[in-house]
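> I have a structure here, written as structure tokens, and I will follow up with some questions on it.
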Amino acid sequence: MPEISFDGLEGLMLSMKEISVIPDEVKDAMLEAQADFLADEIRKRGEGYGVQDSGDMLASIKKGKPKKGKNGSRQIAVSARGRRKNGVRNSEIAFLNNYGTRHQKARPFWTDAEKASESTMSKISSEIYSDWLKSKNL
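The sequence shown begins at 43 in the numbering used here and counts up by one.
Written as structure tokens, this is what we have:
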């Protein structure tokens with residue numbers, strides 16, 4: 043009768059436990075790399091759609107800091123921050139440019155950038171995750 047035996051089963055079980063819980067540092071690195079890429083892509087799309095008047099709004103698009111969300115998952119925000127000299131928030135200007143108004147045609151620079159970046163951002167996070175697995179010799 044055939045017999046199956048394992049050598050170092052405890053080490054394998056420990057390795058599986060290690061990869062089942064991705065450390066917050068690795069999650070944060072994945073989020074930060076994705077946010078950097080997305081912020082640059084939003085700025086490029088904004089320039090392409092011609093949403094730059096003074097350039098203040100596009101220059102204000104920045105990533106936040108990674109933090110724990112309400113459901114316990116890690117998250118990061120990319121947003122237009124700050125205000126113009128006249129007191130109007132840059133996020134409001136970005137929203138109006140993206141979705142339009144009664145008098146202004148929509149220029150969906152933000153929405154297009156998010157949609158177009160999905161596959162690239164997945165690749166970015168996959169590379170960071172693969173590097174982490176390699177560091178664990180897996």
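All C-beta atoms, glycine included, are put in the ideal place defined by N, C-alpha and C.
Identify the residues that DSSP records as bridge partners of Gln117: which are they?
Note: Gln117 sits in a beta bridge opposite Lys109.
> Which class does Lys104 belong to by DSSP, given the choice of helix, strand or coil?
Strand.
> Just to confirm, is the Cβ distance from Gly142 to Ala136 under 7 angstroms?
No; because the gap between Cβ atoms is not below 7 angstroms, this pair is not in contact.
> Report the CB separation of Ile103 from Ala81 in whole angstroms; it is logged as a contact under 8 angstroms.
That pair is a contact at about 5 angstroms.
> State yes or no: is the C-beta of Ala122 within less than 7 angstroms of the C-beta of Ser133?
Cβ distance < 7 angstroms, so Ala122 and Ser133 count as in contact.
> Spell out a yes or no on whether the stretch 165-172 and the stretch 81-94 are touching, meaning 3 or more CB-CB pairs, one atom from each, closer than 8 angstroms.
In short, these stretches do not touch, since the Cβ pair count stays below three.
> Have a look at Lys69 and Lys176 and give me their C-alpha separation to the nearest angstrom.
Taking the straight line from one Cα to the other gives about 16 angstroms.
> Mind reading off the beta-carbon distance from Ala77 to Lys105? Whole number of angstroms is fine, and I expect it under 8 angstroms.
Their Cβ separation, rounded to whole angstroms, is 4 angstroms, which keeps Ala77 and Lys105 in contact under 8 angstroms.
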